[in-house]
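Peer 1: Starting off with a structure, shown below.
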Amino acid sequence: MIYKNSLYNINDINYILEKINILDYIKKKLYIKKIGNNFFALCPFHNEKHPSFIISEKLNKYYCFGCKTYGNIINFIIYYEKTNFYNAIKIIEQFYNVNINKKIYINDNNIILYKYNYIISKIYNNNLINNINNIIINNFLNLKK
Ligand SMILES: [Zn+2]
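Here it is, written out as structure tokens:
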């Protein structure tokens with residue numbers, strides 16, 4: 006039996022992530038207040054009375070000083086919409102009216118493709134986590150000064 010499936014190229018995803026503004030999506034979901042160069046909101050991922058959820062247009066990322074959650078638009082959609090990586094990509098495509106290229110593979114074993122997709126998304130998330138101390142937190146701390 007032949008199955009068709011599609012995979013996203015990580016370079017295509019990164020290219021799109023650089024072009025879109027994370028704030029456009031988040032401001033449709035949360036009440037945003039601009040302070041300095043950054044935007045603050047009540048964190049949607051933990052209960053709080055004072056905003057500690059910061060969105061940086063410059064970095065195109067978010068970070069919560071309360072619960073330490075962080076990420077880009079993909080992470081936000083996955084956790085906020087309670088969905089998975091591939092649905093998050095679809096939401097991004099629809100919301101931002103962009104098209105992230107899919108490479109079509111034809112294989113007689115769909116399970117291999119699912120495992121491959123899973124590994125790719127794990128690599129993507131691990132890269133983000135590994136880089137977080139060097140990039141995101143340092144940049145947010147610098148922006149707060
Ligand atoms: Zn939080």
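When the letters of the sequence shown are read in order and numbered with the numbering used here, they come out as residues 6 to 150.
Where a beta carbon is used, it is the ideal one built from N, C-alpha and C, also for glycine.
Everything numeric in this text was worked out from a predicted model, so none of it was measured.
If you compare alpha carbons, which of Y30, N14, Y20 is closest to I97?
Peer 2: Comparing Cα positions, the closest option is Y30.
Peer 1: Just how far apart, CA to CA, sit N132 and I83?
Peer 2: Distance between the alpha carbons of N132 and I83 is about 17 Å.
Peer 1: Let me check you understand the geometry: is the CB of E53 closer than 8 Å to at least one non-hydrogen atom of ligand 1?
Peer 2: At least one heavy atom of ligand 1 is nearer than 8 Å to the Cβ of E53, so yes.
Peer 1: Are the beta-carbon atoms of C69 and F44 separated by less than 9 Å?
Peer 2: No, they are not a contact pair.
Peer 1: What is the DSSP secondary structure of F70, reduced to helix, strand or coil?
Peer 2: Of the three classes helix, strand and coil, the one that applies to F70 here is coil, per DSSP.
Peer 1: Looking at ligand 1, does it come within less than 8 Å of G41, judged from the CB to the closest heavy atom?
Peer 2: Incorrect: G41 has no Cβ contact closer than 8 Å to ligand 1.
Peer 1: Pull the bridge partners of I31 from the DSSP assignment, please.
Peer 2: None, per the DSSP bridge assignment.
Peer 1: Alpha carbon to alpha carbon, how far is K127 from I94? Give it in angstroms, no decimals.
Peer 2: One C-alpha to the other measures close to 15 Å.
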